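Chemist: Those protein sequences? They're chains F and G, same order as listed. Heads up, the first sequence is in UniProt numbering, so the first residue is 1 and it goes up one at a time. Heads up, the second sequence is in UniProt numbering, so the first residue is 1 and it goes up one at a time. Just so it is clear, CB atoms sit at the ideal spot from N, CA and C, and this is done for glycine as well. Bear in mind the structure is a predicted one, so any value in this text is a computation, not a measurement.
Number of protein chains: 2
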Amino acid sequence: MKNLENRIVEDGIVLENNILDVDSFLNHQIDPVLMQDIGKEFARLFRDEDITKVLTVESSGIAPAVFTGLYLEVPVVFARKNKSVTLRDNVYVTDVYSYTKETTTEMSASKLFLSNQDKVLIIDDFLANGQAVSGLLALCRQAGASVAGVGIVIEKSFQKGRILLEGSGIRLESLARIEKMDPDSITFINH
Amino acid sequence: MKNLENRIVEDGIVLENNILDVDSFLNHQIDPVLMQDIGKEFARLFRDEDITKVLTVESSGIAPAVFTGLYLEVPVVFARKNKSVTLRDNVYVTDVYSYTKETTTEMSASKLFLSNQDKVLIIDDFLANGQAVSGLLALCRQAGASVAGVGIVIEKSFQKGRILLEGSGIRLESLARIEKMDPDSITFINH
Numbered sequence: 001m002k003n004l005e006n007r008i009v010e011d012g013i014v015l016e017n018n019i020l021d022v023d024s025f026l027n028h029q030i031d032p033v034l035m036q037d038i039g040k041e042f043a044r045l046f047r048d049e050d051i052t053k054v055l056t057v058e059s060s061g062i063a064p065a066v067f068t069g070l071y072l073e074v075p076v077v078f079a080r081k082n083k084s085v086t087l088r089d090n091v092y093v094t095d096v097y098s099y100t101k102e103t104t105t106e107m108s109a110s111k112l113f114l115s116n117q118d119k120v121l122i123i124d125d126f127l128a129n130g131q132a133v134s135g136l137l138a139l140c141r142q143a144g145a146s147v148a149g150v151g152i153v154i155e156k157s158f159q160k161g162r163i164l165l166e167g168s169g170i171r172l173e174s175l176a177r178i179e180k181m182d183p184d185s186i187t188f189i190n191h
Numbered sequence: 001m002k003n004l005e006n007r008i009v010e011d012g013i014v015l016e017n018n019i020l021d022v023d024s025f026l027n028h029q030i031d032p033v034l035m036q037d038i039g040k041e042f043a044r045l046f047r048d049e050d051i052t053k054v055l056t057v058e059s060s061g062i063a064p065a066v067f068t069g070l071y072l073e074v075p076v077v078f079a080r081k082n083k084s085v086t087l088r089d090n091v092y093v094t095d096v097y098s099y100t101k102e103t104t105t106e107m108s109a110s111k112l113f114l115s116n117q118d119k120v121l122i123i124d125d126f127l128a129n130g131q132a133v134s135g136l137l138a139l140c141r142q143a144g145a146s147v148a149g150v151g152i153v154i155e156k157s158f159q160k161g162r163i164l165l166e167g168s169g170i171r172l173e174s175l176a177r178i179e180k181m182d183p184d185s186i187t188f189i190n191h
């Protein structure tokens, strides 16, 4: 997605440990117009998949997911990293390891909103080592839901997330695929 | 907002400790069409205020805030409850006490995205005792930003949040105002 790639080049900041700081439009400040474009593009890509639900994880996945749900005309569920006061029992739970934070956290979703009747589109802001997406896939597996595919805003293609997902045969659509990056330049894989 | 009130009556579940569970359309599963309506309504109410930025807090504030930002044509910033890997220094920080969770957490926002040039609209999902909104106001105060008002999706009018805010002279617009609630019925304050 060209306007997304341009925005990453313009406003992204490459930090140490393979971290790409896009706090100015995705991870802290959000550009709603760009999120709308992203949602439209995911909806276009997965339009024929009979999606019944969009699944993401708090917090940065919510904005792209909610526009995807709007244009696919289906509800959005965001998995919780921290258990909320209303979400105590009756949940699917899985552990997710974060390489960037070097911590393991629980990810959970209510059994009320994800079932074996669902065909799920998973949306997330980043694909790096694939841990967050693997966690979301685990929640779908526990629910017996089928997964139509995974939509990623920014893929760091030099990390192992894509290989991990391709190995499982799941359709993966990333709107920007970073081949390599350093503080001076960011190179994308052309579609 | 009538369709919001109807949805609360239809799908809201009143729990102990004055907690209203609206996980089915706002706090865990999200109805994107309802969020779009909510964003349009906040944008209509604050259209003449020359807002430069919408400020909310993760996670449940993000969906209503991002549609508000879309229709006001301004960026959205979501304050962090947990410090992210890209948000380490150069932040405004304040403590926020949660009555429902009985814990104090830090809330932070980057100095890069909130300044004394901003006129801020604060958006949040719930107003109960006003602690989260007070935290967001504290971040604006630290930034020297002016606050045009506060937009709340669901106000529990029997708790002290509104009184707290009215005392500070800040414009408050709540789309649904709950006068009282128990497991059998929810009563709204008519506009």
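Say the cut is 6 angstroms; is the CB of residue 28 of chain F nearer than that to a heavy atom of the ligand ZN?
Modeler: Ligands are entirely absent from the displayed structure, and the ligand ZN is therefore not among its contents.
Chemist: Give the list of continuous alpha helix (DSSP H) stretches no shorter than 4 residues that lie fully inside the stretch 55 to 87 of chain F.
Modeler: You should have 62 to 72.
Chemist: What is the rounded straight-line gap between the Cα of residue 160 of chain F and the Cα of residue 137 of chain G?
Modeler: Numbered from its first residue, the first sequence carries residue 160 of chain F at position 160. Numbered from its first residue, the second sequence carries residue 137 of chain G at position 137. Rounded to whole angstroms, residue 160 of chain F to residue 137 of chain G spans 41 angstroms at the Cα level.
Chemist: Note down, in chain order, every chain G residue with its Cβ under 7 angstroms from the Cβ of residue 110 of chain F.
Modeler: The sequence position of residue 110 of chain F within the first sequence is 110, counting from 1. Within chain G, the residues near residue 110 of chain F are 23 and 28.
Chemist: Kindly indicate which three-state DSSP category residue 117 of chain F falls into: helix, strand or coil?
Modeler: Taking the first residue of the first sequence as position 1, residue 117 of chain F is located at position 117. DSSP places residue 117 of chain F in coil when its eight states are reduced to three.
Chemist: So who's on the other strand from residue 21 of chain F, going by DSSP bridges?
Modeler: To locate residue 21 of chain F, count along the first sequence from 1; it is residue 21. Per DSSP, F:13.
Chemist: How many angstroms separate the CA atom of residue 45 of chain F from the CA atom of residue 185 of chain G?
Modeler: Residue numbering aside, residue 45 of chain F sits at position 45 when the first sequence is read from its first letter. Residue numbering aside, residue 185 of chain G sits at position 185 when the second sequence is read from its first letter. Using only the alpha carbons, I get a separation of about 43 angstroms.
Chemist: So, helix, strand or coil for residue 177 of chain G, using DSSP?
Modeler: Taking the second sequence and counting its residues from 1, the one referred to as residue 177 of chain G is at position 177. Strand at residue 177 of chain G.
Chemist: Name the chain G residues that come within less than 7 angstroms of residue 59 of chain F, Cβ to Cβ?
Modeler: Indexing the first sequence from 1 puts residue 59 of chain F at position 59. Simply 58, 59, 62 and 78.
Chemist: Reducing DSSP to helix, strand and coil, say where residue 109 of chain G ends up.
Modeler: As a working mapping, residue 109 of chain G is identified with position 109 in the second sequence. Residue 109 of chain G falls in the strand class under three-state DSSP.
Chemist: Output yes if chain G places a C-beta closer than 7 angstroms to the C-beta of residue 126 of chain F; else output no.
Modeler: Along the first sequence, one-based indexing puts residue 126 of chain F at 126. Chain G, which has no Cβ nearer than 7 angstroms to the Cβ of residue 126 of chain F, makes this no.
Chemist: Would the beta-carbon of residue 173 of chain F fall within 7 angstroms of that of residue 151 of chain F?
Modeler: By 1-based counting over the first sequence, the position of residue 173 of chain F is 173. By 1-based counting over the first sequence, the position of residue 151 of chain F is 151. Closer than 7 angstroms, so yes.
Chemist: By how many angstroms is the C-alpha of residue 133 of chain G removed from the C-alpha of residue 103 of chain G?
Modeler: Here the question's residue 103 of chain G lines up with position 103 in the second sequence. Here the question's residue 133 of chain G lines up with position 133 in the second sequence. Spanning the two alpha carbons is a distance of roughly 16 angstroms.
Chemist: Please classify residue 29 of chain F as buried or exposed, where buried requires at least 16 neighbouring CB atoms within 10 angstroms.
Modeler: Indexing the first sequence from 1 puts residue 29 of chain F at position 29. By the neighbour-count rule (16 or more Cβ atoms within 10 Å), residue 29 of chain F is buried.
Chemist: Could you name the residues of the same chain whose beta carbon sits closer than 6 angstroms to that of residue 119 of chain G, not counting the 5 residues immediately before and after it, in chain order?
Modeler: Numbered from 1 along the second sequence, position 119 holds the residue referred to as residue 119 of chain G. Correct list, in chain order: 50, 51, 52, 146 and 148.
Chemist: With residue 154 of chain G as the anchor, note down where its alpha helix (DSSP H) starts and where it stops.
Modeler: Reading the second sequence from its first residue, position 154 is the one you call residue 154 of chain G. That residue, residue 154 of chain G, is in no alpha helix (DSSP H); its beta strand (DSSP E) goes 146 to 156.
Chemist: At the level of alpha carbons, what is the spacing between residue 69 of chain G and residue 122 of chain F?
Modeler: Locating residue 69 of chain G in the second sequence gives position 69, counting from the first residue. Locating residue 122 of chain F in the first sequence gives position 122, counting from the first residue. Answer to the nearest angstrom: the Cα atoms are 24 angstroms apart.
Chemist: Count Cβ pairs between the stretch 96 to 113 of chain G and the stretch 71 to 85 of chain G that sit closer than 8 angstroms; are there 3 or more?
Modeler: The stretch 96 to 113 of chain G, when compared against the stretch 71 to 85 of chain G, does touch it at the 8 angstroms Cβ threshold.
Chemist: If we ignore side chains and look at the alpha-carbon of each, how far apart do residue 141 of chain F and residue 57 of chain F end up?
Modeler: Along the first sequence, one-based indexing puts residue 141 of chain F at 141. Along the first sequence, one-based indexing puts residue 57 of chain F at 57. Approximately 16 angstroms between the Cα atoms of the pair.
Chemist: Which residues in chain G have a C-beta closer than 9 angstroms to the C-beta of residue 113 of chain F? List them in chain order.
Modeler: Taking the first sequence and counting its residues from 1, the one referred to as residue 113 of chain F is at position 113. 23, 24, 28 and 29, listed in chain order.
Chemist: If we count the other Cβ atoms within 10 Å of its Cβ and call it buried at 16 or more, is residue 32 of chain F buried or exposed?
Modeler: Taking the first residue of the first sequence as 1, we reach residue 32 of chain F at position 32. The residue in question, residue 32 of chain F, is buried, as its Cβ has 16 or more Cβ neighbours within 10 Å.
Chemist: In terms of DSSP beta bridges, what is residue 134 of chain F paired with?
Modeler: Locating residue 134 of chain F in the first sequence gives position 134, counting from the first residue. Answer by DSSP bridge pairing: none, since residue 134 of chain F is not bridged.
Chemist: Leaving out five residues before and five after residue 9 of chain G in sequence, what residues of the same chain have Cβ atoms less than 8 angstroms from its Cβ?
Modeler: The sequence position of residue 9 of chain G within the second sequence is 9, counting from 1. The answer, listed in chain order, is 186.
Chemist: Is residue 165 of chain G close to chain F? Criterion is C-beta to C-beta, closer than 7 angstroms.
Modeler: To locate residue 165 of chain G, count along the second sequence from 1; it is residue 165. No, no contact with chain F.
Chemist: At 7 angstroms on the CB atoms, spell out the chain G contacts of residue 35 of chain F, in chain order.
Modeler: Residue numbering aside, residue 35 of chain F sits at position 35 when the first sequence is read from its first letter. The contacting residues are 66.
Chemist: Between which two residues does the beta strand (DSSP E) carrying residue 95 of chain F extend?
Modeler: Numbered from 1 along the first sequence, position 95 holds the residue referred to as residue 95 of chain F. 91 to 98 is the span of the beta strand (DSSP E), which, as asked, contains residue 95 of chain F.
Chemist: In angstroms with no decimal places, state the Cα-to-Cα distance between residue 5 of chain F and residue 190 of chain G.
Modeler: For this step, residue 5 of chain F is matched to residue 5 along the first sequence. For this step, residue 190 of chain G is matched to residue 190 along the second sequence. Cα to Cα, the separation comes out at about 48 angstroms.
Chemist: I need the boundaries of the alpha helix (DSSP H) containing residue 163 of chain G, first residue and last residue.
Modeler: The residue you call residue 163 of chain G lines up with position 163 of the second sequence. Residue 163 of chain G -> alpha helix (DSSP H) spans 161 to 167.
Chemist: Residues of chain F with a CB under 9 angstroms from the CB of residue 136 of chain G: which are they?
Modeler: As a working note, residue 136 of chain G is residue 136 in the second sequence. Per Cβ cutoff of 9 angstroms: no residues; residue 136 of chain G is ~14 angstroms from chain F at best.
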